[in-house]
Each structure stands twice: as structure tokens, then as C-alpha cells.
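Reading the sequence shown from the start, the letters are residues 1 to 224 in UniProt numbering.
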Amino acid sequence: MAYTLEITDIEEVTHDVRKFTFEKPDGFEFEPGQATEVAIDKDGWRDEKRPFTFTSLTDDDFLQFVIKIYPDHDGVTEQLGKLEEGDSLIIDDAWGTIQYDGEGIFIAGGAGVTPFIAIFRDLYEKGKIGNNKLIFSNKTEKDIILKEEFEEMLGDQFIPVITDEEPSGDHIFLDGFIDKDFLESQIDDFDQPFYVCGPQPFNEAIMDYLKELGAEPDALVFEE
Numbered sequence: 001m002a003y004t005l006e007i008t009d010i011e012e013v014t015h016d017v018r019k020f021t022f023e024k025p026d027g028f029e030f031e032p033g034q035a036t037e038v039a040i041d042k043d044g045w046r047d048e049k050r051p052f053t054f055t056s057l058t059d060d061d062f063l064q065f066v067i068k069i070y071p072d073h074d075g076v077t078e079q080l081g082k083l084e085e086g087d088s089l090i091i092d093d094a095w096g097t098i099q100y101d102g103e104g105i106f107i108a109g110g111a112g113v114t115p116f117i118a119i120f121r122d123l124y125e126k127g128k129i130g131n132n133k134l135i136f137s138n139k140t141e142k143d144i145i146l147k148e149e150f151e152e153m154l155g156d157q158f159i160p161v162i163t164d165e166e167p168s169g170d171h172i173f174l175d176g177f178i179d180k181d182f183l184e185s186q187i188d189d190f191d192q193p194f195y196v197c198g199p200q201p202f203n204e205a206i207m208d209y210l211k212e213l214g215a216e217p218d219a220l221v222f223e224e
């Protein structure tokens with residue numbers, strides 16, 4: 001089923017990421033981590049659907065996305081960057097393969113962290129963060145989405161990794177990418193769930209490393 005919903009608020013999260021808040025239809029349901037197909041309610045764009053993850057919680061009276069804008073791409077994310085409050089989005093019912101399956105290690109690359117936002121917010125609200133850990137890889141410090149919120153929710157269990165510049169503070173610098181040796185240095189138990197989301201090459205590499213280190217394929221949760 002398709003829903004046309006008015007945007008009520010747009011907020012900058014980082015230099016190229018925006019938070020879109022919009023109306024929630026009566027009875028609309030989703031699980032933390034799920035996504036939907038989204039189109040822009042403007043001529044020429046209504047049939048251009050792209051998947052985005054809900055970052056609001058299921059009991060909120062609004063819906064929300066956190067979306068990376070690509071102004072140099074001639075496509076949907078460029079157009080999203082031009083939207084204003086009062087414009088509308090078209091969304092479908094919720095779907096998605098990333099759902100919480102118990103305490104584990106979350107590994108995200110860039111905007112791939114978005115399916116984890118609602119999961120962590122939900123756990124934090126319920127006092128159930130437990131031993132969950134987030135390893136979050138970005139090119140630069142300014143690219144880190146919701147850094148302060150992750151620090152608040154996870155404390156020392158939030159591990160920001162910077163790959164393209166020498167960072168300041170407590171960030172870990174890796175020259176290039178997360179590799180097998182790094183994962184082995186950060187994780188002491190590979191017999192637990194792993195949640196992986198990022199660009200496809202990132203996902204494939206991380207999944208291969210985890211399997212080599214002893215993680216069970218059935219315990220690997222990732223967006224297909």
C-alpha cells in the first residue's frame with residue numbers, strides 16, 4: 001500500500017546527511033531496522049523509488065528517515081536535498097532483513113548505520129543496550145552520523161573508526177579500511193550475532209573476515 005505523507009521537519013545531521021520527519025499514517029507498523037520504498041511526490045519522481053530505513057521508533061507519532069544526500073548524483077538523493085517542509089514523500093509498507101536477534105556486534109560503514117539507529121534507540125529506551133557494541137567506519141570525523149547520540153547510548157561500546165584522515169580524540173585511525181586483523185583485535189567472542197550494513201563491497205569483505213574468524217553463517221545478519 002502506498003502512502004503520501006507531508007514532511008513536517010528537515011534537519012541537518014552532518015554536512016551531507018539530513019533528517020526528514022513526516023506524518024505517520026494511522027495503524028502504520030514497522031520493526032526497528034526495517035525500511036520502506038520511498039519516492040518524491042513531484043512530477044517525474046513518483047516512480048523513482050529508493051529504499052530508506054526508519055529511524056523513528058515504533059511508538060512515535062511520526063515517521064523519520066536519516067538520509068545521506070549526494071548533490072553530485074543526478075537522482076533521488078540529489079532531489080531529496082532540495083525538499084522543504086510541506087513537500088511530500090510517497091512510502092510503501094515496511095520490509096527488511098535487519099532485525100534485532102540478541103546482543104552482538106554491529107558493524108557499519110557510512111550511511112549503512114541507518115538500520116541500526118532505531119534498533120539502538122529502542123534498546124536504549126527499554127534499558128536493554130547490554131553488551132551490544134557498534135563498530136562504525138567513516139572516511140572522516142565530519143562524516144560520523146549521530147556521533148553524540150551513539151556515545152550517549154553505548155558509551156565505551158561505541159567504536160568510531162576513521163579511514164581517510166588522522167582523527168582527534170578517541171577515534172581509531174585505520175589507513176584504508178576495516179580488515180580481519182582489526183576485527184580480531186576488537187572482538188573477543190565470535191560465537192554471537194553479528195549485524196553488518198554498508199556498501200556492498202564492505203558487506204562482502206566483513207562477512208568473509210567474520211567467517212574466517214569463526215563466526216557462524218547463521219549468526220550473520222545483513223541487508224540483502
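The C-beta atom is built at its ideal place from N, Cα and C for all residues, glycine as well.
Remember, it's a predicted structure, so these values are computed and weren't measured experimentally.
Contact under 9 angstroms by Cβ, W45 with V66: Cβ distance not < 9 angstroms, so W45 and V66 don't count as in contact.
Through-space distance from D87 to residue 237, alpha-carbon basis: Outside the shown range of the chain, which is 1 to 224, sits residue 237, and nothing can be said about it.
Own chain, CB closer than 7 angstroms to M153, minus 5 neighbours either side, in chain order: Closer than 7 angstroms at Cβ, skipping near neighbours: F120, Y124 and I129.
Test item: CB-CB of G109 and K133 under 9 angstroms: Not in contact: G109 and K133 (Cβ atoms no closer than 9 angstroms).
Rounded C-alpha distance that separates L220 from D74: L220 and D74 have their C-alpha atoms roughly 34 angstroms apart.
Q200 burial status per 10 Å Cβ neighbour count (16 or more: buried): Counting Cβ neighbours within 10 Å, Q200 comes out exposed, since fewer than 16 surround it.
Continuous alpha helix (DSSP H) assignments of at least 4 residues falling wholly in the UniProt domain "FAD-binding FR-type" (1-101): Runs found: 76-80.
Presumed contact (8 angstroms Cβ cut-off) between D122 and P32, rounded CB distance: Going by Cβ atoms, the distance from D122 to P32 rounds to 4 angstroms, so yes, they are a contact pair.
Cα-Cα separation between L210 and T163, rounded to whole angstroms: Straight across, the Cα-Cα distance linking L210 with T163 is about 20 angstroms.
Three-state secondary structure assigned by DSSP to F158: The answer is strand: DSSP assigns F158 an E or B state.
Counterpart residues of L134 in DSSP-defined beta bridges: By DSSP's assignment, L134 forms a beta bridge with F106 and F158.
Close beta carbons around F177, own chain, < 7 angstroms, minus the five adjacent residues each side: Cβ within range, chain order: T163.
Residue of E216, F150 and R50 minimising C-alpha distance to A118: Ranking E216, F150 and R50 by CA distance to the CA of A118 puts F150 first.
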